[in-house]
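Have a look at the structure below, then the notes.
Protein chains in written order, with my numbering: chain F, 1 to 193; chain E, 194 to 573.
And the structure:
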């Protein structure tokens, strides 16, 4: 997800000057990009020491926090946008965090690997878990604790009463609006309460 | 080549009004500086000390190779706070016993030693005195103010008392106020001192005594709270002193008065060492300053409201095993800063050493501080 084109495709969903909270912000590249190109401000949340250090190096505000402990530090609608980019698959309480995302943010943007992308389906048909550029891990050493599909997230959002403002796929940094559940390696949802 | 530090003193003859309503006149502040102040005076960093430290923050005194300052691992040429880039100031607080005016000095109003009559000073009073030192040094704005523990409280208070004079506040292993448990520890230490027959109501100088017994116990209880259970177990476990002296491993002395376990001997040693150099009245004053610090108090306990005055950028650091100034206390400050939309970063270092970790060399901790100061340097 760190390739500049994908980052740019996601950044375009964030309004100019928005106040952004980036859940699982990694090395802070996305927030730095938003600050530099779109005049945004905000904070990243990270649990990993090396990533926290990388953020401080970049001059990006970072709060070291375990997302599985919740977002009680943040008030309702205190951010214009809450980003959850490639974070969902690492969280134990993914459903709670989805609700939290749109509680704290007026808009939540969720992006994660779409397990229903056709190469993954083919791999499963041959009886093996997929190993792809997007899901580069073996089943036994993956840091992802869950996999899900573009269609699945839509259903989960509905079940939690969230409004889907937009949803599409991303493949090779291009927006996929036709059959995203089949044709896109990354699923993107723009949600609100 | 170790950096050579030179202690300095500055005399102030303007009255310093104190929060209590009392005031101090004719007082001196001891301080040290490291590095060079740049032409536009924009690279100054003030270091605030905690309970038993002083203005001797970094470097060594000439001819005394082992006299490193208390934060020498953090501050110096090429260190996380790099004195090749920053002009660093260490200052000793009023009421202390390391050079600045304190209870062992002469009260100009009476011509006698202050002793117990030294006025109660608060974190806010210290910050006001520090600001006067900066005035005298011609420094209007600090690139950063930094401190750990009680020093972190001063750094936070700087951001509230002089928001226009601080660009960055670095608050380490600190808290927005003390919990009841924390005040309780301080009270045990104070009772140990004031009930020592050698204390003489704080006027022990006149009696030629030193309440060493009280100071020892105060230090022992303090020391316990600065360590973590794990680190104490790892370091001492249930080891017997006799075992260390070549005696049989399992020989109890069956004595209630002799030190039996290594941890007892360690605490006694720490207590003895401390009682040799620390002043009893200073201990009372500094623990009271800790107890009183509570910037939210005038805002009905609303810390967010209290921190609205701050305009600088913040770095907060806490340590997971610090139970005296626990991470959740730092998170309260972070939360209040977030509420006020201030720039803040927060690192929670998973270190085993308890509160003491803020003085130690954890590479993640040092890395975050180095990177933060590098990023400030870029803006200076």
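A virtual CB, placed ideally from N, CA and C, is assigned to each residue, including glycine.
- Item | is_contact[residue 97 of chain F, chain E] using C-beta, thresh 9 Å | Taking the first chain and counting its residues from 1, one reaches residue 97 of chain F at position 97. Cβ-Cβ to chain E under 9 Å: no for residue 97 of chain F.
- When the Cα atoms are used, what is the spatial distance from residue 163 of chain F to residue 3 of chain F? Here residue 163 of chain F refers to the residue found at position 163 of the first chain. Here residue 3 of chain F refers to the residue found at position 3 of the first chain. When rounded, the distance between both Cα atoms is 29 Å.
- Message: Mapping the DSSP letters down to three states, classify residue 203 of chain E as helix, strand or coil.
- Response: Your numbering for residue 203 of chain E matches position 10 in the second chain. Three-state DSSP puts residue 203 of chain E in a strand.
- Task: State the Cα-Cα distance for the pair residue 125 of chain F and residue 182 of chain F, rounded to the nearest angstrom.
- Result: Translated into the one-based positions of the first chain, residue 125 of chain F becomes position 125. Translated into the one-based positions of the first chain, residue 182 of chain F becomes position 182. If I take the Cα positions, the gap works out to 14 Å.
- Message: Judging by CA-CA distance, which residue of E:371, E:196, E:329, E:320 is the nearest neighbour of residue 348 of chain E?
- Response: Numbered from its first residue, the second chain carries residue 348 of chain E at position 155. Ranking the options by Cα distance to residue 348 of chain E, first place goes to E:320.
- Task: Under 8 Å by Cβ, that's how I've got residue 109 of chain F and residue 83 of chain F pegged, so tell me the actual separation to the nearest angstrom.
- Result: Position 109 of the first chain, counted from the first residue, corresponds to residue 109 of chain F. Position 83 of the first chain, counted from the first residue, corresponds to residue 83 of chain F. Indeed, because the Cβ distance is near 5 Å, the residues count as touching under 8 Å.
- Going by beta carbon distance, what residues of the same chain come within less than 6 Å of residue 194 of chain E, once the five residues before and after it are set aside? As a first step, residue 194 of chain E must be located in the second chain, where it is residue number 1. Contacts found: none.
- Item | Segment limits, alpha helix (DSSP H) that includes residue 30 of chain F | Within the first chain, numbered from 1, the residue matching residue 30 of chain F stands at position 30. Where residue 30 of chain F is concerned, the enclosing alpha helix (DSSP H) starts and stops at 29-38.
- Taking residue 237 of chain E as the reference, give the member of E:457, E:266, E:339, E:564 with the closest Cα. The residue labelled residue 237 of chain E in the question sits at position 44 within the second chain. If we check each option's Cα against that of residue 237 of chain E, E:339 comes out closest.
- Pair within 9 Å by beta-carbon distance, residue 180 of chain F and residue 147 of chain F: Here residue 180 of chain F is taken as the residue at index 180 of the first chain, counted from 1. Here residue 147 of chain F is taken as the residue at index 147 of the first chain, counted from 1. The answer is no: Cβ separation not under 9 Å.
- Are the C-beta of residue 305 of chain E and some C-beta of chain F separated by less than 9 Å? One-based indexing of the second chain puts residue 305 of chain E at position 112. So no, residue 305 of chain E is outside the interface.
- Message: With a threshold of 8 Å, are at least 3 pairs of Cβ atoms found where one atom belongs to the segment 376-385 of chain E and the other to the segment 523-537 of chain E?
- Response: no
- Task: Would you please verify whether the beta carbon of residue 494 of chain E is less than 9 Å from any beta carbon of chain F?
- Result: On the second chain, position 301 is the one that residue 494 of chain E refers to. No, because no Cβ of chain F sits closer than 9 Å to the Cβ of residue 494 of chain E.
- Query: Among residues of its own chain, excluding the 5 on either side of residue 350 of chain E, which ones have a beta-carbon nearer than 7 Å to its beta-carbon?
  - Reply: Start at 1 with the first residue of the second chain, and residue 350 of chain E comes out as number 157. Excluding positions up to five away in sequence, the list reads 316, 317, 320, 488.
- Apply the 10 Å Cβ neighbour rule to residue 213 of chain E and answer buried if 16 or more other Cβ atoms are within range, or exposed otherwise. For the purposes of this step, residue 213 of chain E is taken as the residue at position 20 of the second chain. With fewer than 16 other Cβ atoms within 10 Å, it is exposed.
- Item | Three-state secondary structure (DSSP) of residue 361 of chain E | Within the second chain, the letter at position 168 stands for residue 361 of chain E. When DSSP states are grouped into helix, strand and coil, residue 361 of chain E belongs to the strand group.
- Message: Against residue 524 of chain E, what residues of chain F qualify as contacts under a CB-to-CB distance less than 9 Å, listed in chain order?
- Response: Locating residue 524 of chain E in the second chain gives position 331, counting from the first residue. In chain order: 63, 65, 73.
- Report all residues from its chain with a CB closer than 8 Å to the CB of residue 66 of chain F; omit the five preceding and five following residues, and keep chain order. As a first step, residue 66 of chain F is located in the first chain; it is residue number 66 there, counting from the start. For residue 66 of chain F, where only same-chain residues beyond five positions count, the Cβ hits under 8 Å are 47.
- Item | Beta-carbon proximity of residue 262 of chain E to residue 249 of chain E, cut-off 9 Å | Within the second chain, the letter at position 69 stands for residue 262 of chain E. Within the second chain, the letter at position 56 stands for residue 249 of chain E. Yes, Cβ-Cβ distance for residue 262 of chain E and residue 249 of chain E is below 9 Å.
- Interface residues of chain F facing residue 532 of chain E [CB-CB closer than 7 Å]: Counting from one through the second chain, the residue named residue 532 of chain E turns up at place 339. For residue 532 of chain E, the C-beta contacts it makes with chain F under 7 Å involve 75, in order along the chain.
- C-alpha gap between residue 211 of chain E and residue 254 of chain E, whole angstroms: As a first step, residue 211 of chain E must be located in the second chain, where it is residue number 18. As a first step, residue 254 of chain E must be located in the second chain, where it is residue number 61. So the alpha carbons of these two residues sit roughly 33 Å apart.
- Query: To which residues of the same chain is residue 389 of chain E closer than 7 Å at the C-beta, ignoring the five residues directly before and after it?
  - Reply: Residue mapping note: residue 389 of chain E aligns to position 196 of the second chain, counting from 1. Taken in chain order, the residues that qualify are 404, 406, 407.
- Query: Listing by chain order, which chain F residues have their CB less than 9 Å from the CB of residue 190 of chain E?
  - Reply: Here chain E covers residues 194 to 573 and nothing more, so residue 190 of chain E does not appear.
- Give a yes or no on whether 9 Å exceeds the smallest Cβ distance from residue 573 of chain E to chain F. The count along the second chain starts at 1 and reaches residue 573 of chain E at position 380. Because the pLDDT of residue 573 of chain E is 43, which lies under 50, any placement of that residue in the model is unreliable, and the number read from its coordinates should be weighed accordingly. Not an interface residue.
- Message: In chain order, what are the residue ranges of uninterrupted alpha helix (DSSP H) at least 4 long that sit wholly in the segment 372-448 of chain E?
- Response: Complete alpha helix (DSSP H) runs here, min 4: 373-387, 397-400, 405-419, 422-428, 434-437.
- Task: Could you tell me whether the Cβ of residue 52 of chain F comes closer than 9 Å to any Cβ of chain E?
- Result: The residue you call residue 52 of chain F lines up with position 52 of the first chain. Cβ-Cβ to chain E under 9 Å: yes for residue 52 of chain F.
- Message: Can you tell me whether residue 641 of chain E is helix, strand or coil according to DSSP?
- Response: The shown model of chain E, from 194 to 573, leaves out residue 641 of chain E, and the question about it has no answer.
- Task: Using a Cβ-Cβ cut-off of 9 Å, state whether residue 374 of chain E counts as contacting chain F.
- Result: Taking the first residue of the second chain as 1, we reach residue 374 of chain E at position 181. Output row for residue 374 of chain E: interface = no.
- Task: Measure the alpha-carbon distance for residue 115 of chain F versus residue 144 of chain F and round it to whole angstroms.
- Result: Taking the first chain and counting its residues from 1, the one referred to as residue 115 of chain F is at position 115. Taking the first chain and counting its residues from 1, the one referred to as residue 144 of chain F is at position 144. Rounded to whole angstroms, the separation of the alpha carbons of residue 144 of chain F and residue 115 of chain F is 12 Å.
- Message: Among the candidates E:425, E:277, E:446, whose CA atom is the shortest distance from the CA of residue 435 of chain E?
- Response: Residue 435 of chain E sits at position 242 when you count from the first residue of the second chain. The candidate whose alpha carbon is nearest that of residue 435 of chain E is E:446.
- Message: Just to confirm, is the Cβ distance from residue 341 of chain E to residue 419 of chain E under 9 Å?
- Response: Residue 341 of chain E sits at position 148 when you count from the first residue of the second chain. Residue 419 of chain E sits at position 226 when you count from the first residue of the second chain. The answer is no: Cβ separation not under 9 Å.
- Output, in chain order, the set of chain F residues within a Cβ distance shorter than 7 Å of residue 355 of chain E. Within the second chain, residue 355 of chain E is the residue found at index 162, counting from 1. Within 7 Å Cβ-Cβ: nothing; residue 355 of chain E doesn't reach chain F, min ~23 Å.
- Between residue 535 of chain E and residue 500 of chain E, is the Cβ-Cβ spacing less than 9 Å? Mapped onto the second chain, residue 535 of chain E falls at position 342. Mapped onto the second chain, residue 500 of chain E falls at position 307. Contact flag set, yes.
- Query: Going by alpha carbons, who is nearest to residue 276 of chain E out of E:478, E:196, E:312, E:515?
  - Reply: As a working mapping, residue 276 of chain E is identified with position 83 in the second chain. The candidate whose alpha carbon is nearest that of residue 276 of chain E is E:196.
- Task: Measure the beta-carbon distance from residue 185 of chain F to residue 90 of chain F and round it to whole angstroms, keeping in mind my assumption that it falls under 8 Å.
- Result: The residue labelled residue 185 of chain F in the question sits at position 185 within the first chain. The residue labelled residue 90 of chain F in the question sits at position 90 within the first chain. That belief does not hold up - the Cβ atoms of residue 185 of chain F and residue 90 of chain F are roughly 17 Å apart, past 8 Å.
- Query: If we count Cβ pairs, one from each stretch, closer than 8 Å, do we get three or more for the segment 462-478 of chain E versus the segment 327-337 of chain E?
  - Reply: Output reads no: the segment 327-337 of chain E does not touch the segment 462-478 of chain E.
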